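Encoded as structure tokens, the structure appears first; notes follow it.
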Amino acid sequence: MSLQVLQKALEVWDLQVIPLDSPEAEPAQIDPQLENAFICHLQDHWFCIRKVNGEWYNFDSLYAAPEHLSKFYLSVSLDSLKGAGWSIFLVRGNFPKECPLLSSEASNGYGQWLTPEDATRILTACNSKGESSVSPGRKKRRSGDPFPSYAEAEDEDLKAAIAASLLDSFPAMSRSEDSSSPGDKPE
């Protein structure tokens, strides 16, 4: 997806995308917590950091649930992403004032929202099971980058898929290799 496509899509919702390094976005560079949303882009991966009901969340699809960000960590994350080569865009316009937190209130077309406690519980559950809060195969991070590298994640996913397909294709071979000792001769 290109920036132009994103801009056109957001215009429908009366939202505009502004590069964070532009003069128009200077106040957001100084105090990002006064804004409502940022869109981050690197290679083929896009995600948003958004304020919902006064709290900041990282809505990266690589995570099992939205990640809560403190006001301090919001600034640190944006600076780190910029330093790692991510393009960051400020999103301004008419955002919904409140988002429904209960599933019974979610019939307004925005989908179901998690409470901050729900998001934390999901991330904690993933971590306590020995899983990452990041989707499988997406654990590597670049130095100084608080978020996983999309290219590295694709490499890990590809390796996992190849390994799984080899196991499916040659199950008898892998069992016979496991049961034979190194000195055995094939029959």
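Residue numbering for the sequence shown follows numbering that gives the first Met the number 0, beginning at 0 and increasing consecutively.
Cβ coordinates follow ideal geometry from the N, Cα and C atoms, glycine included.
Note that the structure is a prediction, hence the values are computed from the model and not measured.
- Quick one: is N52 buried, meaning 16 or more other Cβ sit within 10 Å of its Cβ, or exposed? Classification for N52: exposed.
- Query: I17 to E116, Cα distance in whole Å?
  - Reply: If I take the Cα positions, the gap works out to 32 Å.
- Message: So the candidates are P65, Q42, H40; which of them puts its Cα closest to the Cα of K50?
- Response: In terms of CA proximity to K50, P65 leads the group P65, Q42, H40.
- N- and C-terminal bounds of the alpha helix (DSSP H) containing N126: Its alpha helix (DSSP H) spans residues 115–127.
- Item | Same chain, Cβ closer than 8 Å to Q6, neighbours up to 5 away in sequence not counted | Only Q15, V16 meet the Cβ criterion.
- Between which two residues does the beta strand (DSSP E) harbouring R33 extend? According to the sequence as given, residue 33 is Leu; it is not Arg. Per DSSP, L33 belongs to no beta strand (DSSP E) and is neither H nor E.
- Grab me the residues of P31's own chain with a C-beta within less than 8 Å of its C-beta, minus the 5 sequence neighbours each way, in chain order. The answer, listed in chain order, is F37, L73, S74, L77.
- Do W85 and L41 have their C-beta atoms closer together than 7 Å? For W85 and L41, yes; Cβs fall inside 7 Å.
- Going by C-alpha distance, which of S21, E25, S1, N35 is nearest F94? The candidate whose alpha carbon is nearest that of F94 is N35.
- Task: Quick one: measure Cβ to Cβ for F58 and F71, integer angstroms, because I've assumed they're closer than 8 Å.
- Result: F58 to F71, Cβ: 19 Å. No contact.
- Query: Name the DSSP bridge partner or partners of K50?
  - Reply: DSSP, once it has assigned bridges, lists W55 as partnering K50.
- Query: According to the Cβ coordinates, are L19 and I121 closer than 7 Å?
  - Reply: Not in contact: L19 and I121 (Cβ atoms no closer than 7 Å).
- Comparing alpha-carbon positions, which option in E23, V4, S79, A63 lies nearest T123? Measuring from the Cα of T123, the nearest candidate turns out to be A63.
- Query: Quick one: is V90 buried, meaning 16 or more other Cβ sit within 10 Å of its Cβ, or exposed?
  - Reply: By the 10 Å Cβ count, V90 comes out buried.
- Item | Three-way DSSP call (helix, strand, coil) for A11 in this model | Here residue 11 is Val; the residue named in the question, Ala, does not match the sequence. Coil, per DSSP.
- Just mark A27 as buried or exposed, buried being the case when its beta carbon has 16 or more other beta carbons within 10 Å. By the neighbour-count rule (16 or more Cβ atoms within 10 Å), A27 is buried.
- In the structure shown, what three-state DSSP assignment does F37 receive? Strand at F37.
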